[in-house]
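A.B. asks:
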Amino acid sequence: MENKTKELPILIELDEETRSEQLNRAAAWFNNVLLTQTSFRQLLEDTVPKIKEPHIKEYLAELAVKAKEHEEKIHELFTIIGREPSDIRTTLGSVMGKARQALGDFIAATGSAKGPWQDLHQLYLSNYNSMGALSVAEQLGLALGIPSIVDIAFVLVSEKSTAQLLLQESVLEMCSMSILYHERF
Amino acid sequence: MATDSAKQHKNRGFKISKKRLQAKKAASDGKLELPTPARPLVDTADVVVPEGYTVEPVMAGLSFPTDVTFSDDGTVFVSEGGSSWPTRPYMPARVIALHPNGETEAINMNVQAGPRGITWRDGELYMVLKGGYHGQVVKYNLQSGELKVLIDQIPSGGWHEPGGPIFGPDGLMYFGHGSVSQQGVSLPQGFTVDLAKHPTAKDVPGEDVTLTGNNVRSRDPRLPYPFMTETGAFKPFGVPAKKGEVVKGELFCNTGVWRSKPDGTDVELLAWGIRNPFGMAINEAGDLYVSDNDFEEKGERAVANDPDRIWHIKNARQPFGSVSKPDWYGFPDICGDGLPVNHEKHLPGRGTPAELLLKNPPEWAGPAAFLEQPHSCMCRMDFSRSDKFGHRGELFVAEWGTLAPLNSPREEDLDHGFRVVRVDVEKGTAEPFMHNKKMGPASSFGSGGIERPVSCKFSPDGESLYVLDFGHVKVTTGPMLAFAHTGVLWKITKK
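Have a look at this one:
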């Protein structure tokens, strides 16, 4: 059997210039992933001390440990494609986490909610936001043909999806205490 | 004939245009090193073809390719499926043209999902498209840029694929479409994407059928909590059927195979009950054959050991316009071997055993012309018509390969497919023609060989077989992930 190439094969969108440009665009999105996750982690760390109910406090404390791990994992996405994360985006993420707390306080004041429930509600939205950004990163890994991006993003999205169920349960269970009874928990 | 389904959801806003393509020639001595870690190497030395044949890569870096065809001037066309298997991520839905002078261009379209089958006839590119609630057959004139939608009424929006279009020696156009449901009842098997985009999609029979009322109970992932729901045959997800209920057959059903004039008029339903007639080919004698894929051994209507198969569509031998009743090939109740899905041979080792959905079903049009190992996933195919290439009259079939362990718990199913076979449709036998040194996809043992053949077509002179390789797909018991830019077009020639 002889397997020799007679004509030069054509590479579709795999030349160095096209590839490099697409990796730069992916890196720009990974900065968004980092920003949203940093924002979520900051808000989570600030919320844990406000919660008195022992079970929810424990749930959130465990999530905070995971959130920190997830943030570190996101840095690996940049390494895989040979790019560097933006320090500005990380700082901006922390600021956004604080801003979400203020937004939660405002919503609570106008919505007759009391106590730390509004922070839980903002966590619920913030985790969804960062989970969505990570899901996009996973798709970019598939589109670029890079399994290691997918391997990281898939695990993180799965863990954040589980966290989302927990946050949803906490928010929905405790809303009556906050809104109808005006009680802290 | 406008059907109820057609009125319900009309596709609109189709756009298509030629665009520049980022393509470059690569130096190669049969080996290509690629920047995609999912497929870092393409190496002809790892591919086995029979003595006396050579194999070479023609294109690499393709994203979810679905079919290949050729124009009279020697241009090679490859369709890339957009949202394909699975549907994420959507890559450009387009047809890549490689002209004889080596230049390339892309024919892009704004269709989600994208093109699934292509063929060239009389200066125009015919395509079957998946996307939305209806499968479409269209033709595109490369010179004028004019697009004509020929057929826009085939119930789609679910799991399976459109087949064809191909043209017979009678000058007629033949096309098909698989089932919306994966297992005979619309369920959330499509990773919920089908339900998200097409929640009212359903199977439509090709003739009137009476239902047993055996509904399937499953969780409903559309709801905030995945409560339980019941679904019946030929119903959208979450809608149960009643015992004795009659569902009217329609010309534009799914699981169907049709023919029409080349302009899409005078459509005639030849057959239905074919789960996924993705591959279609007509031999020199004028006989039509279609490929079909077996039931899966998982989920709420699981079926074990159903063979992949090639059907001979006998009605295609009848004079055009004379078929008053389509033949029925078994879906959703009969396996490829002619046994019912609830026969003890087909009881699943995993999942809920299937129950029969049709009361007093039509007469079965089997047996199959050829039965293949379960989950080989036979796809597009072509007959050899060249003495120089050899095996004239035999059917060459691309086998995409198994989705085990996702769709089967059986160890023996793990390496089925991942090759091209040549089938003697008269004897019902087959021999491997192109495969890796070790059976299975190249990525499973780190070689530069083939991954998942999705189509194979002979060049216009019949002397070369082009094999389209879908690329790398990672399959587990849960997720299935496909990587873009890993598809390859191979060419096999007799020395």
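Line by line, the protein sequences give chains E and A. Per full-length UniProt numbering, residue 1 is the first one in the first sequence, and the count goes up by one each step. Per full-length UniProt numbering, residue 1 is the first one in the second sequence, and the count goes up by one each step. Glycine included, each C-beta is placed from N, C-alpha and C at the ideal position.
#1: Taking Cβ to Cβ, would you say A:P199 is nearer than 7 Å to A:P221?
#2: Since E:I12 and A:G61 should fall inside the 8 Å C-beta cutoff, what is the C-beta to C-beta distance between them, to a whole number of angstroms?
#3: Distance cutoff 7 Å, beta carbons only. Does E:Q139 sit that close to anything in chain A?
#4: For A:S79 versus A:P57, is the C-beta distance shorter than 7 Å?
#5: Which residues bound the alpha helix (DSSP H) around E:T38?
#6: Tell me, which residues are paired with E:N127 by DSSP?
#7: So which residues on chain A does E:S148 lean against when the C-beta distance must stay under 9 Å?
#8: Whose Cβ in chain E lies nearer than 7 Å to the Cβ of A:K15?
#9: Between the Cα of A:N315 and those of A:G286, A:S291, A:V303, A:L406, spot the shortest distance and give me the residue it belongs to.
#10: Which complete beta strand (DSSP E) runs does the stretch 107 to 169 of chain A hold, if anything under 3 residues is left out?
#11: For A:R309, is the classification buried or exposed, using 16 other Cβ atoms within 10 angstroms of its Cβ as the cut-off for buried?
#12: Give the residues from the stretch 468 to 491 of chain A that approach chain E closer than 9 Å (Cβ to any Cβ), ordered along the chain.
#13: Rounded C-beta distance between A:G417 and A:E394? I'm assuming under 8 Å.
#14: Contact defined as beta carbons within less than 8 Å: I believe A:G184 pairs with A:G117. What is the distance between those atoms, to the nearest angstrom?
#15: Distance, Cα to Cα, A:A2 vs A:D294?
#16: Hey, how far is the Cα of A:E146 from the Cα of A:Q136?
#17: Within 7 Å of any Cβ in chain E, is that where the Cβ of A:M1 sits?
#18: Just the chain E side, please: which residues come within less than 7 Å of A:G61 by C-beta, in chain order?
#19: Are the C-beta of E:G82 and some C-beta of chain A separated by less than 7 Å?
#20: Of all the CB atoms in chain A, is at least one closer than 7 Å to the CB of E:L156?
#21: Verify the CB distance criterion: does E:A99 have a CB-CB separation below 7 Å to chain A?
#22: If we ignore side chains and look at the alpha-carbon of each, how far apart do residue 196 of chain E and E:S112 end up?
#23: Roughly how many whole angstroms lie between the Cα atoms of E:Y59 and A:H375?
#24: Assess, as a yes-or-no matter, whether the stretch 442 to 461 of chain A is touched by the stretch 69 to 83 of chain A under the definition of 3 or more beta carbon pairs within less than 8 Å.
#25: Determine the closest residue to A:G279 out of A:G178, A:E230, A:C335, A:T210, with distance taken between C-alpha atoms.
#26: Residues of the stretch 85 to 98 of chain A with a CB closer than 8 Å to any CB of chain E: list them in chain order, please.
#27: Could you tell me whether the Cβ of A:P57 comes closer than 7 Å to any Cβ of chain E?
#28: Tell me, to the nearest whole angstrom, how far the beta carbon of A:G157 is from that of A:V180; I am working on the premise that it is less than 8 Å.
#29: Within 10 angstroms of its Cβ, does A:G321 collect 16 or more other Cβ (buried), or is it exposed?
#30: Sorted by chain position, which residues of the same chain lie with C-beta nearer than 6 Å to A:K15's C-beta, five sequence neighbours on each side aside?
#31: Since A:R219 sits in a beta bridge, which residues does DSSP pair it with?
#32: For E:L92 and E:L103, what's the separation of their Cα atoms in angstroms?
#33: In chain A, what lies closer than 9 Å to E:R25 by C-beta?
#34: Tell me the rounded alpha-carbon separation between A:V48 and A:I492.
#35: Quick one: what does DSSP say E:S86 is sitting in, helix, strand or coil?
#36: Run the CB neighbour count on A:A196, radius 10 Å, all protein chains shown included, and call it buried at 16 or more, exposed below.
C.D. replies: Based on what the coordinates show:
#1: Walking along the second sequence from the start, residue 199 of chain A turns up at place 199. Walking along the second sequence from the start, residue 221 of chain A turns up at place 221. No, the pair does not count as a contact, with Cβ atoms beyond the cut-off.
#2: The count along the first sequence starts at 1 and reaches residue 12 of chain E at position 12. The count along the second sequence starts at 1 and reaches residue 61 of chain A at position 61. Yes, E:I12 and A:G61 are in contact; Cβ-Cβ is about 4 Å, under 8 Å.
#3: Position 139 of the first sequence, counting from 1, holds the residue named residue 139 of chain E. For E:Q139, the answer is yes, since a Cβ of chain A falls inside 7 Å of its Cβ.
#4: The count along the second sequence starts at 1 and reaches residue 79 of chain A at position 79. The count along the second sequence starts at 1 and reaches residue 57 of chain A at position 57. Cβ distance not < 7 Å, so A:S79 and A:P57 don't count as in contact.
#5: The residue you call residue 38 of chain E lines up with position 38 of the first sequence. Looking at the DSSP string, the run of the alpha helix (DSSP H) that includes E:T38 is 16 to 47.
#6: The residue given as residue 127 of chain E occupies position 127 in the first sequence. None, per the DSSP bridge assignment.
#7: As a first step, residue 148 of chain E must be located in the first sequence, where it is residue number 148. Those within 9 Å of E:S148 in chain A are P37.
#8: The sequence position of residue 15 of chain A within the second sequence is 15, counting from 1. Under the 7 Å cutoff, chain E gives no residues; its nearest Cβ is about 21 Å from A:K15.
#9: Here residue 315 of chain A refers to the residue found at position 315 of the second sequence. For A:N315, the nearest C-alpha among the options comes from A:G286.
#10: 113 to 121, 124 to 131, 134 to 140, 147 to 155, 162 to 167
#11: To locate residue 309 of chain A, count along the second sequence from 1; it is residue 309. With 16 or more other Cβ atoms within 10 Å, it is buried.
#12: G471, H472, K474, P479, L481, A482, F483, A484, H485, T486, G487, V488, L489, K491
#13: Numbered from 1 along the second sequence, position 417 holds the residue referred to as residue 417 of chain A. Numbered from 1 along the second sequence, position 394 holds the residue referred to as residue 394 of chain A. So it is not a contact: roughly 18 Å between Cβ atoms.
#14: Reading the second sequence from its first residue, position 184 is the one you call residue 184 of chain A. Reading the second sequence from its first residue, position 117 is the one you call residue 117 of chain A. Actually they do not touch by this definition, with Cβ atoms about 24 Å apart.
#15: Residue 2 of chain A sits at position 2 when you count from the first residue of the second sequence. Residue 294 of chain A sits at position 294 when you count from the first residue of the second sequence. Its pLDDT being 44, under 50, A:A2 is placed unreliably in this model, and the coordinates cannot settle the point.
#16: The sequence position of residue 146 of chain A within the second sequence is 146, counting from 1. The sequence position of residue 136 of chain A within the second sequence is 136, counting from 1. Computed Cα separation, rounded: 16 Å.
#17: By 1-based counting over the second sequence, the position of residue 1 of chain A is 1. Because the pLDDT of A:M1 is 43, which lies under 50, any placement of that residue in the model is unreliable, and the number read from its coordinates should be weighed accordingly. No, no contact with chain E.
#18: Position 61 of the second sequence, counted from the start, is the residue given in the question as residue 61 of chain A. Near A:G61 (Cβ distances below 7 Å), the residues of chain E are L11, I12, E13, L14.
#19: As a working mapping, residue 82 of chain E is identified with position 82 in the first sequence. Judged by the 7 Å Cβ criterion, E:G82 is not in contact with chain A.
#20: One-based indexing of the first sequence puts residue 156 of chain E at position 156. By this cut-off, E:L156 is not an interface position.
#21: Indexing the first sequence from 1 puts residue 99 of chain E at position 99. No, E:A99 does not count as interfacial toward chain A.
#22: Chain E is shown from 1 up to 185; residue 196 of chain E falls before or after that span and cannot be answered.
#23: Numbered from 1 along the first sequence, position 59 holds the residue referred to as residue 59 of chain E. Numbered from 1 along the second sequence, position 375 holds the residue referred to as residue 375 of chain A. Approximately 43 Å, taken between the alpha carbons.
#24: yes
#25: Position 279 of the second sequence, counted from the first residue, corresponds to residue 279 of chain A. Closest by alpha carbon: A:G178.
#26: R88, P89, M91, I96, L98
#27: In the second sequence, the residue the question calls residue 57 of chain A occupies position 57. Yes, because at least one Cβ of chain E sits closer than 7 Å to the Cβ of A:P57.
#28: As a working note, residue 157 of chain A is residue 157 in the second sequence. As a working note, residue 180 of chain A is residue 180 in the second sequence. With 8 Å as the limit, A:G157 and A:V180 qualify as a contact, their Cβ atoms being about 6 Å apart.
#29: Residue numbering aside, residue 321 of chain A sits at position 321 when the second sequence is read from its first letter. Exposed, by the Cβ-count rule.
#30: On the second sequence, position 15 is the one that residue 15 of chain A refers to. So the list reads N110, once near-sequence residues are dropped.
#31: Start at 1 with the first residue of the second sequence, and residue 219 of chain A comes out as number 219. DSSP, once it has assigned bridges, lists A:M228 as partnering A:R219.
#32: Your numbering for residue 92 of chain E matches position 92 in the first sequence. Your numbering for residue 103 of chain E matches position 103 in the first sequence. Cα-Cα distance, rounded: 16 Å.
#33: To locate residue 25 of chain E, count along the first sequence from 1; it is residue 25. None at all; the shortest Cβ gap to chain A is about 14 Å.
#34: Taking the first residue of the second sequence as position 1, residue 48 of chain A is located at position 48. Taking the first residue of the second sequence as position 1, residue 492 of chain A is located at position 492. Looking at the two C-alpha atoms, the distance is approximately 11 Å.
#35: By one-based count along the first sequence, residue 86 of chain E stands at place 86. Coil at E:S86, not helix or strand.
#36: Taking the second sequence and counting its residues from 1, the one referred to as residue 196 of chain A is at position 196. A:A196 should be labelled exposed.
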